[in-house]
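Engineer: Before I ask anything, let me first share the structure, which is written out below as structure tokens.
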Amino acid sequence: MEHIKRLPDSELELMMIIWEAGQPVSSAYIMDKLAGEKHWANTTVLNFLARLVDRGFLAINKQGRVNYYTSLINEQDYLNKESKSFLKRMHMGSLKNFVAALYDGDAISNEDLAELKQFVEEIADKNKEG
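Count the sequence shown with numbering that gives the first Met the number 0 and you get residues 0 to 129, in order.
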């Protein structure tokens, strides 16, 4: 999993569409999903897709005149690696510092903290059992 490179936001958006589809998709499908959100030209999307193929994130399969794109990288693997990388880069690897920054910045509510506390307690209980 170490070989997975961080994606620029624009390419990550395309990967999220492909992961959500759960099957090979065409550029037309992606353009349809982007409609109303992004005003990228078809050539822009095709360039992003070509980069994703070159970087090993996607496989391309031509069927007639249509190219279908399939993810080669598991969504959860990417998100796990990116989360760890973000925590390390931005908060010196400290989950406590990350949560404190969210709380200080009003990005996390008391309800969110209670939910996080319950989650941590559930994990701790599972670790005691195992």
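Ideal placement from N, C-alpha and C gives every residue a C-beta, glycine not left out.
(1) Which two residues bound the contiguous alpha helix (DSSP H) that contains Gln-132?
(2) Is it buried or exposed, Leu-57, if we count other Cβ atoms within 10 angstroms and call 16 or more buried?
(3) Is Asn-41 closer than 9 Å to Met-30 when the C-beta atoms are compared?
(4) Report the residue from Ala-99, Leu-48, Tyr-28, Gly-21 whose alpha carbon sits nearest the alpha carbon of Glu-9.
(5) Between Ala-26 and Asn-66, which are expected to be in contact by the criterion C-beta below 8 Å, what is the C-beta distance as a whole number of angstroms?
(6) Closest to Val-52 by CA distance: which of Arg-64, Gly-35, Gln-62, Ser-70 is it?
(7) CA-CA distance, Gly-92 and Val-98?
(8) Check the DSSP bridge columns for Tyr-28 and list the partner residues they point to.
(9) Do Lys-87 and Ile-3 have their C-beta atoms closer together than 9 Å?
(10) For Val-44, which residues in the same chain have their Cβ closer than 8 Å to its Cβ, ignoring the five residues on either side in sequence?
(11) Where does the unbroken beta strand (DSSP E) through Ile-59 begin, and where does it stop?
(12) Using CA coordinates, which residue listed in Asn-126, Ser-84, Asn-73 is at the minimum distance from Gln-22?
(13) Report the rounded CA-to-CA distance for Gln-117 versus Asn-96, giving the unit in angstroms.
Structural biologist: Reading off the structure:
(1) Lying before the first or after the last residue shown, residue 132 is absent from the chain, which here runs from 0 to 129.
(2) buried
(3) yes
(4) In the sequence under discussion, the amino acid at residue 9 is Ser, which differs from the Glu named in the question. It is Leu-48.
(5) First, the amino acid is wrong: residue 26 is Ser here, not Ala. Right, the Cβ-Cβ distance comes to about 7 Å (below 8 Å), so this counts as a contact.
(6) Ser-70
(7) Answer to the nearest angstrom: the Cα atoms are 12 Å apart.
(8) Looking at the DSSP assignment, Tyr-28 forms no beta bridge with any residue, so it has no partner.
(9) No, Cβ-Cβ distance for Lys-87 and Ile-3 is not below 9 Å.
(10) Leu-13, Ser-26, Ile-29, Met-30, Leu-33
(11) 57-62
(12) Of all alpha-carbon atoms in Asn-126, Ser-84, Asn-73, the one lying nearest the alpha-carbon of Gln-22 is that of Asn-73.
(13) 19 Å
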